[in-house]
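Numbering (this note's numbering), first residue to last: 36 to 297.
Dropping the structure here:
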């Protein structure tokens, strides 16, 4: 079965150690992966992953251009990569960066309201959402009981205001706020991903969420470098889903989002 990891972070080798430390400190976890492109491919290849959505997040506006160039360069080096660029609400001229993302051949945008420290429904973001809707899908970090930036009700407001915006709501729509995510996002037009969730939800609740959202709306992600890829695959495989559901979650939905034939 084809497997696409639709949620992976990578960093340049010269800053990877510090980036990994920052992530570990932010989530209070120990991370064993290095965060580099070669390590992602090595670990994913061992368990049958064939393609990877790679991205990184700009915590300040001046990082946007260099991160987007880095992701584009890594995609050129590694044909198995699907690149998403980054944006920031404080960009002076976001249209230029959006045009760069498109010209680089990147397939979408990753936003992380908690680490970028903006409310996802902040009206400063509305011009950006308007510029990318119908053009670039957004992988959006969602949820965290410690913050209010990325709460599911904020995403609902975004989706209501920008109906042509394709959003993949990470972590089943709201890490640590899964019931709230279900309340606000079940009837909305968005995808959810499985990353960083099943080990906390437990198998039966995870399967229930997949069935409630529908397998057509769920994509697989490891959240590399945070977790072991094989464990993430095993979590999905243990749920007792049908082959059709697994195919959609592991690859078909991802290909639809980026506009490739299944």
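No residue lacks a Cβ here, since even glycine has one placed at the ideal position from N, Cα and C.
Nothing here was measured: the structure is a model prediction, and the numbers come from that model.
In the DSSP output, which residue or residues are listed as bridge partners for residue i?
i: residue 204; result: 175, 227
i: residue 44; result: 90
i: residue 253; result: 227
i: residue 248; result: Per DSSP, none; premise fails for residue 248.
Give the DSSP-derived three-state secondary structure of residue i in the structure shown.
i: residue 232; result: coil
i: residue 278; result: helix
i: residue 169; result: coil
i: residue 164; result: helix
i: residue 62; result: helix
i: residue 293; result: coil
i: residue 219; result: helix
i: residue 180; result: coil
Assuming residue i contacts residue j (C-beta within less than 8 Å), just tell me the rounded distance between them.
i: residue 231; j: residue 179; result: That belief does not hold up - the Cβ atoms of residue 231 and residue 179 are roughly 10 Å apart, past 8 Å.
i: residue 97; j: residue 258; result: 26 Å between Cβ atoms; not a contact.
i: residue 122; j: residue 163; result: 6 Å
i: residue 106; j: residue 83; result: Residue 106 to residue 83, Cβ: 24 Å. No contact.
i: residue 146; j: residue 118; result: The Cβ separation is near 15 Å, so there is no contact.
i: residue 51; j: residue 70; result: 4 Å
Within the present structure, is the beta-carbon of residue i separated from the nearest heavy atom of the ligand COA by less than 7 Å?
i: residue 262; result: Ligands are entirely absent from the displayed structure, and the ligand COA is therefore not among its contents.
Does chain C have any CB closer than 8 Å to the CB of residue i?
i: residue 67; result: The displayed structure is made up of one protein chain only, and chain C is not part of it.
The stretch 110-120 touching the stretch 271-284, judged by at least three CB pairs closer than 8 Å: no
Quick test of the definition: if touching needs 3 or more C-beta pairs under 8 Å, does the stretch 147-155 touch the stretch 129-136? no
Which parts of the stretch 80-156 are runs of the beta strand (DSSP E), unbroken and 3 residues or longer, counting only runs that do not cross its ends? 84-90, 116-121, 143-146
Across the stretch 242-249 and the stretch 54-68, are there enough close Cβ pairs to call them in contact, namely three or more that are closer than 8 Å? no
Taking 8 Å as the threshold, find out whether the stretch 154-169 comes into contact with the stretch 73-93 through three or more Cβ pairs. no
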